[in-house]
Amino acid sequence: MITTYHYRIKDSGKANRVLSQMSRSVNMVWNFCKQTQQDALKNKSVKLIDDKKSGEKISIPYFFSSSEMDRLVAGSSKELGLHSQTVQAISQEYITRRKQFKTLLRWRGKKSLGWVPFKSSAIKIHDGKISYNKNDFSFWNSRELPEDAKIKTGSFCQDKSGHWYLNIAFESELIRIKRDEDKEIGIDIGIKTLATCSNGEKIDRPNLRKNALKKLRYLK
Numbered sequence: 001m002i003t004t005y006h007y008r009i010k011d012s013g014k015a016n017r018v019l020s021q022m023s024r025s026v027n028m029v030w031n032f033c034k035q036t037q038q039d040a041l042k043n044k045s046v047k048l049i050d051d052k053k054s055g056e057k058i059s060i061p062y063f064f065s066s067s068e069m070d071r072l073v074a075g076s077s078k079e080l081g082l083h084s085q086t087v088q089a090i091s092q093e094y095i096t097r098r099k100q101f102k103t104l105l106r107w108r109g110k111k112s113l114g115w116v117p118f119k120s121s122a123i124k125i126h127d128g129k130i131s132y133n134k135n136d137f138s139f140w141n142s143r144e145l146p147e148d149a150k151i152k153t154g155s156f157c158q159d160k161s162g163h164w165y166l167n168i169a170f171e172s173e174l175i176r177i178k179r180d181e182d183k184e185i186g187i188d189i190g191i192k193t194l195a196t197c198s199n200g201e202k203i204d205r206p207n208l209r210k211n212a213l214k215k216l217r218y219l220k
């Protein structure tokens, strides 16, 4: 199970400037992905694929795959001041959202809220700080990550007030066990059964008639 923790970055001074610069570089990569895809469709480029029903080759509009877009943006991280895993994460996010919404996505401009994605290999967390691309960012460690946390992905993101936040998505067996222990269940009162719990357990209705007949026989 994936869990995400959110932390406020101590973004006064240098941290704000560095993250803002990185977010502008992120926008450049995103807009490159959009422009590249837009040009391919404008030029009426097509891609040949195998039709699942007939087995024959058919042509479709050329939409880039994640691996194809990764190759196009590869090698740009140093000039952009981003980690190579971030550049890859941006292109993958663009392809994922394009497939999800089935349309070309919006440009990311100056008014877009800051966003810098990363993968686990791009960061190190220690003593209330996160190290990313040779930069250390302090954050308010409002809750510790579990001891067995396996970080998957994350991002720096900005709110409308200009404040920056750290998002960490991770897997943890300890979190899953605790949730199972704290889990509440709903109860639905029934007719044939006394109640049915949301976990599937059924509580049989007691046979009141049978019990009453036993008492009547005893009284006779």
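No gaps in the numbering here: position 190 of the sequence shown is 190 in the UniProt record's numbering, and each next residue is one more.
Idealized CB from N, CA, C, for every residue including glycine.
Counted within 10 angstroms of its Cβ, other Cβ atoms place residue i as buried (16 or more) or exposed
i, result
"glutamine 158", "buried"
"tryptophan 164", "buried"
"glutamine 35", "exposed"
"tryptophan 140", "exposed"
"glutamate 93", "buried"
"alanine 101", "Reading the sequence as shown, one finds phenylalanine at residue 101 and not alanine. Looking at its Cβ environment, which holds fewer than 16 other Cβ atoms inside 10 Å, phenylalanine 101 is exposed."
"glutamine 38", "exposed"
"aspartate 11", "buried"
"serine 91", "buried"
"isoleucine 49", "exposed"
"phenylalanine 174", "Rather than phenylalanine, the amino acid found at residue 174 in this sequence is leucine. That one is exposed."
"leucine 80", "buried"
"serine 45", "exposed"
"threonine 153", "buried"
"serine 161", "exposed"
"serine 25", "buried"
Nearest-angstrom Cβ-Cβ length linking residue i and residue j, presumed shorter than 8 Å
i, j, result
"lysine 119", "alanine 149", "Between alanine 149 and lysine 119 the Cβ distance is about 15 Å, and since that is not below 8 Å, they are no contact."
"serine 115", "serine 155", "The residue you asked about is not serine; residue 115 is tryptophan in the sequence shown. Indeed, because the Cβ distance is near 6 Å, the residues count as touching under 8 Å."
"serine 59", "lysine 42", "Not confirmed; about 16 Å, so no contact."
"glutamine 85", "alanine 40", "Not really, about 25 Å apart at Cβ, beyond 8 Å."
"isoleucine 95", "serine 65", "7 Å"
Proximity below 8 Å, CB of residue i to CB of residue j
i, j, result
"tyrosine 7", "leucine 166", "yes"
"arginine 176", "methionine 1", "yes"
"methionine 22", "leucine 82", "yes"
"isoleucine 130", "leucine 145", "no"
"cysteine 128", "serine 138", "The question names cysteine, but residue 128 in the sequence shown is glycine. Taking 8 Å as the Cβ cut-off, glycine 128 and serine 138 qualify as a contacting pair."
"valine 87", "valine 18", "no"
"arginine 97", "leucine 104", "no"
"threonine 4", "serine 172", "no"
Residue span of the beta strand (DSSP E) that contains residue i, given as start and end
i, result
"serine 23", "No beta strand (DSSP E) holds serine 23; the alpha helix (DSSP H) holding it covers 14-42."
"threonine 139", "The amino acid occupying residue 139 in the given sequence is phenylalanine; threonine does not appear at that position. Here phenylalanine 139 belongs to no beta strand (DSSP E), and DSSP marks it neither H nor E."
"residue 275", "In the structure as shown, the chain begins at 1 and stops at 220. Residue 275 is therefore absent and cannot be evaluated."
"alanine 169", "164-171"
"proline 117", "115-119"
"serine 161", "Run containing serine 161: none; DSSP gives neither H nor E here."
"leucine 124", "In the sequence under discussion, the amino acid at residue 124 is lysine, which differs from the leucine named in the question. Its beta strand (DSSP E) spans residues 123-126."
"arginine 8", "2-8"
Runs of beta strand (DSSP E) wholly within the segment 32-106 (minimum 3 residues, chain order):
46-50 and 57-61
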